[in-house]
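Trainee: For the sequence shown, our numbering gives the first residue as 2, with consecutive numbering after it.
Each residue gets a CB set at the ideal place from its N, CA and C atoms; glycine is no exception.
One structure is given below, represented as structure tokens, and several questions about it will come after.
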Amino acid sequence: MDLKINGKKAIVTGATRGIGRRIVNQLVEEGVSVALCARDADAVNETISDLTANGATAFGAAVDVSDGDAYRAWLNQAVEQLGGCDMFVPNVSGGGGGGSEENWRANLEIDLLGAVRGIEELTTSLQASKGAVVFISSTAAVETFVMPQSYNAMKTALITYGEQLAQALGPSGVRVNIVSPGSIYFEGGSWHRIEQDRPEVFKSIQDGIAMGRYGTPEEVADVVVFLLSPRASWVTGKNIIIDGGQVKGMRF
Ligand SMILES: NC(=O)c1ccc[n+]([C@@H]2O[C@H](COP(=O)([O-])OP(=O)(O)OC[C@H]3O[C@@H](n4cnc5c(N)ncnc54)[C@H](OP(=O)(O)O)[C@@H]3O)[C@@H](O)[C@H]2O)c1
């Protein structure tokens, strides 16, 4: 299937590893120019070198999304470098791990405001091209997961914001969807660390997944890239769960 995105321009945050990196890989394979960020400058440079060595147009910067001013400045720089923005994926998270005030602030600043600030800076460009946005939430937003923590609640807020944003931006031709992955395994990722540090937890999570295994970043990226493409032209304001049957509740 031709996704019809060759020549488009995308901004993806947190794309030096994991889901963000696979989204960028898949976008450039389809002929999309990308701008990405992460905090580690070496990892950004390495990612850009890999992508451009294979012929892609890719720009990168070391930016901490929790620094609102630096983040907004980078988004505007990225639009200039790309010559516009057709697609936006705010993928960075403040991570799970607790319910301290520090956790709540991190998830507010990064998961939620990372999306909000991005939309504020990019809406004009997205409207100019009738573009598409995908937020990255989590199954932790839709079903009880581990403990009452800021990550779960802020990922839920992100779904509500995204679904209502789709209503506001729909008339101007911009689609907004949310992807909620279940547990995704990759080397260097959170589940890799849990596998090493707490193998019993790793196994109990795996046993709860209907497909009997963790998901891969590629399995999430494939759906994200489809949603960003005009092949999903009638899909907006939806939260798409990608979890191999990890979530047990039934939704009608
Ligand atoms: N992995 C899972 O099982 C899973 C499940 C459900 C949802 N998700 C969601 O999927 C998204 C990606 O998670 P992931 O597990 O694939 O990757 P990850 O290990 O969380 O890292 C993703 C990327 O974000 C960058 N990053 C982290 N904090 C940043 C910050 N403050 N500013 C800028 N960049 C930052 C990282 O590079 P630096 O460290 O160099 O900054 C890296 O490139 C997140 O929103 C996460 O909540 C993941």
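When you compare only the Cα positions, how much space is there between Q247 and L37?
Mentor: Cα to Cα, the separation comes out at about 30 Å.
Trainee: Taking the straight line between their C-alpha atoms, what separation do you get for G271 and E122?
Mentor: The displayed coordinates of the chain run from 2 to 253. Any statement about residue 271 would go beyond what the structure contains.
Trainee: Compute the Euclidean distance between the alpha carbons of L28 and A39, then round it to the nearest angstrom.
Mentor: Cα to Cα, the separation comes out at about 18 Å.
Trainee: According to DSSP, which residues form a beta bridge with P182?
Mentor: DSSP, once it has assigned bridges, lists I243 as partnering P182.
Trainee: Could you have a look at T14 and say whether DSSP puts it in helix, strand or coil?
Mentor: Of the three classes helix, strand and coil, the one that applies to T14 here is strand, per DSSP.
Trainee: Relative to the C-alpha of V13, which residue among M2, V90 and E102 is closest?
Mentor: Ranking the options by Cα distance to V13, first place goes to V90.
Trainee: Check whether the Cβ of S67 sits closer than 6 Å to any heavy atom of ligand 1, and report yes or no.
Mentor: Checking every heavy atom of ligand 1 against the Cβ of S67, one is found closer than 6 Å.
Trainee: Exposed or buried, what is M251 when buried is set at 16 or more other beta-carbons lying within 10 Å of its beta-carbon?
Mentor: By the neighbour-count rule (16 or more Cβ atoms within 10 Å), M251 is not buried but exposed.
Trainee: Ignoring anything shorter than 4 residues, give me the alpha helix (DSSP H) runs that lie fully in the region 152-235, in order along the chain.
Mentor: You should have 191-198, 200-208 and 218-229.
Trainee: Sorted by chain position, which residues of the same chain lie with C-beta nearer than 7 Å to S1's C-beta, five sequence neighbours on each side aside?
Mentor: Past the edges of the chain, shown from 2 to 253, lies residue 1, and the structure says nothing about it.
Trainee: Tell me whether N92 counts as near ligand 2, meaning its Cβ is closer than 6 Å to at least one heavy atom of that ligand.
Mentor: No copy of ligand 2 occurs in the structure displayed; its ligands are ligand 1 alone.
Trainee: Just list the alpha helix (DSSP H) runs in the region 50-83, keeping only unbroken ones of 4 residues or longer that don't cross its boundaries, in chain order.
Mentor: DSSP runs (the alpha helix (DSSP H)) wholly in the region 50-83: 69-83.
Trainee: I need the DSSP call for V117, collapsed to helix, strand or coil.
Mentor: Reduced to three states, the DSSP call for V117 is helix.
Trainee: So for V25, helix, strand or coil by DSSP?
Mentor: Looking at V25 - three-state DSSP - the assignment turns out to be helix.
Trainee: At a cut-off of 6 Å, is I20 close to ligand 1 when judged by its beta-carbon and the heavy atoms of the ligand?
Mentor: Because some heavy atom of ligand 1 lies under 6 Å away, the Cβ of I20 counts as near it: yes.
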